[in-house]
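Q: Can you keep this structure in mind? I'll have questions shortly.
What follows is the structure in C-alpha cells.
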C-alpha cells in the first residue's frame, strides 16, 4: 500500500474509522453522526469529518492501515474499537450490505 502519513492519535483514528462506518451505505444518518459526536471533541470531529469527506475509500483504508501499524493497540483496545464500529452501523436501526462489507474489510485491516 502507498505510504500516506498521518499524525493521528488513537482517539483521532477512532473518529476517522467511525466516520467511515457512517459513510458506508452512502447515507450519513443523523443518528450515526450524533453517536460519533457524543464520543469526541467537537474540533476533532469537524476536522476529521472534513478530511474524510475529501478521501476516497482506498485512501481511507491506506490511512487507517498505516496509522494502525504506527500505533500500538492492545487486544482490549481493538475489541472496544470493533464494538464501537458495530454501534455506529446499528445506530440507524439498519445494517446494510455495504456496511457488512466494510465491517469485514475493517476486520481484515485492524484485527
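Residue numbers (the UniProt record's numbering): 1 to 111. For glycine and all other residues, C-beta sits at the position ideal for the given N, C-alpha and C. These numbers come from a predicted model, not from an experiment.
1) Only counting the same chain, and skipping five residues up and downstream in sequence, which positions put a Cβ closer than 7 Å to that of residue 25?
2) Straight-line CA distance for residue 73 to residue 35?
3) If you reduce the DSSP assignment to three classes, tell me which class residue 4 lands in.
4) How big is the Cα-Cα spacing for residue 31 and residue 94?
5) Alpha carbon to alpha carbon, how far is residue 91 from residue 84?
6) Would residue 11 be called buried (16 or more neighbouring beta carbons within 10 Å of its own) or exposed?
7) How about residue 81 and residue 23: do their beta carbons lie closer than 8 Å?
8) Specify the secondary structure class of residue 91 as computed by DSSP and reduced to three states.
9) What's the C-alpha gap between residue 43 and residue 16?
10) From this set, 64, 21, 53 and 29, which residue's C-alpha is nearest residue 9's C-alpha?
A: Looking at the atomic coordinates:
1) Around residue 25: 96, 98 and 99.
2) Using only the alpha carbons, I get a separation of about 23 Å.
3) If DSSP states are grouped into helix, strand and coil, residue 4 belongs with coil.
4) In this structure, the alpha-carbon of residue 31 lies about 11 Å from that of residue 94.
5) Taking the CA atoms as reference points, residue 91 sits about 10 Å from residue 84.
6) With fewer than 16 other Cβ atoms within 10 Å, it is exposed.
7) Taking C-beta atoms as the reference points, residue 81 and residue 23 fail to come closer than 8 Å.
8) Note: residue 91 maps to coil in three-state DSSP.
9) In a straight line, the C-alpha of residue 43 is about 13 Å away from that of residue 16.
10) Closest option to residue 9, Cα to Cα, is 64.
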